[in-house]
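Position 21, counted from 1, in the sequence shown is what full-length UniProt numbering calls 21; the numbers after and before it change by one each time, with no gaps.
Each remark here refers to the structure printed beneath this line.
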Amino acid sequence: MKPVVTQAVNGEGVSVIIGANSAIAQALIQRLLLQGPVIAISRRPLGVIAEGLESLQCDYSEDAISTLVNELATRQLVISSVFIFNGILHQASIKPEKRLEDLSVEAMNTLFQINTVTPMLWLKHLMPLVKGDKKCVVAVMSARIGSISDNRLGGWYSYRASKAALNMLLQTSAVEYARRAKNVVILAFHPGTTDTPLSKPFQQNVDKEKLFSTEFVAERLLAVAQTVTPSAEAYFIDWNGDSILW
1 MKPVVTQAVN GEGVSVIIGA NSAIAQALIQ RLLLQGPVIA ISRRPLGVIA
51 EGLESLQCDY SEDAISTLVN ELATRQLVIS SVFIFNGILH QASIKPEKRL
101 EDLSVEAMNT LFQINTVTPM LWLKHLMPLV KGDKKCVVAV MSARIGSISD
151 NRLGGWYSYR ASKAALNMLL QTSAVEYARR AKNVVILAFH PGTTDTPLSK
201 PFQQNVDKEK LFSTEFVAER LLAVAQTVTP SAEAYFIDWN GDSILW
């Protein structure tokens with residue numbers, strides 16, 4: 001799939017947003033445009049035109065990811081941050097499991113492909129673009145529910161497992177990135193319960209003060225991204241800046 005380009009972005013301090021049609025990503029783009037150019041990657045047209053914003057389309061297959069990254073590599077880009085929002089919790093035929101009998105191979109495969117495999121394909125292909133002399137934060141949307149240490153309620157088998165697997169792969173990637181791209185920071189970010197379509201079916205049991213706006217989460221994500229420093233370990237941090245046990 002050939003990338004669909006709006007206006008081309010070049011130069012330093014470029015931020016890359018992957019999964020740019022997500023609600024949090026949309027709020028983050030508005031904040032990042034105040035700081036510098038943004039490349040927004042999405043499956044469907046972004047529907048937003050702004051100075052300093054380049055919109056690319058990608059179907060998230062490995063061939064499409066490779067093609068898009070190779071095209072970006074032909075430019076003089078200095079990428080300062082990458083934010084990966086690929087993720088799914090539910091859709092028409094997929095809902096969080098309440099008991100073992102609810103497990104479905106098809107649903108598990110779908111969640112693992114989107115929540116785990118796709119972000120890792122980006123980490124695989126992006127390394128040549130982010131391994132420069134300056135700090136680059138690669139932040140991936142994780143979830144506290146993927147913490148094995150924090151699992152006291154059970155349920156949500158496929159989503160939990162896909163995020164736990166993602167966390168393991170991010171930590172493993174951080175070890176390798178520290179050797180091959182030492183200025184890259186790998187961040188697994190827990191946004192909390194955010195008022196988005198993803199959480200809409202589950203908001204009735206959430207206290208109002210714990211249901212966050214996308215603007216608030218975008219602000220907190222940027223704040224956390226600014227505090228982390230290159231390390232041989234990935235960071236697993238929540239919206240409040242607190243570390244989460246793996």
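Ideal Cβ positions, reconstructed from N, Cα and C, are used throughout, including at glycine.
Kindly indicate which residue of Gln171, Met141, Glu233, Ser231 has the alpha-carbon position closest to the one of Phe189. Met141
Reduced DSSP secondary structure (H/G/I, E/B, other) of Ala25: helix
I think Asn70 touches Arg44, with their Cβ atoms under 8 Å apart; what is that distance to the nearest whole Å? No, Asn70 and Arg44 are not in contact; Cβ-Cβ is about 22 Å, not under 8 Å.
Just the Cα atoms here: how many angstroms apart are Ala64 and Cys58? 6 Å
Please go through the same chain and pick out, in chain order, the residues whose beta-carbon is closer than 6 Å to the beta-carbon of Val82, but skip the five residues on each side of it. Val16, Val138
Nearest by alpha-carbon distance to Glu233: which of Leu166, Leu32, Val185 is it? Val185
Is the stretch 78 to 95 touching the stretch 108 to 125 in the sense that three or more CB pairs, one from each, lie closer than 8 Å? yes
Starting from the C-beta of Glu219, find all residues in its chain whose C-beta is less than 8 Å away, skip the five residues before and the five after it, and write them out in chain order. Arg31
Among residues of its own chain, excluding the 5 on either side of Asn183, which ones have a beta-carbon nearer than 7 Å to its beta-carbon? Gly132, Asp133, Lys134, Lys135, Cys136, Pro230
Just tell me which of Val224, Phe112, Thr193 has its CA closest to the CA of Glu209. Thr193
Simplified DSSP state of Thr194, which is helix, strand or coil: strand
Within the stretch 64 to 119, note down every full beta strand (DSSP E) run reaching 3 residues or more, in order along the chain. 77 to 84
For a quick check, are the C-beta atoms of Ala50 and Thr214 less than 8 Å apart? no
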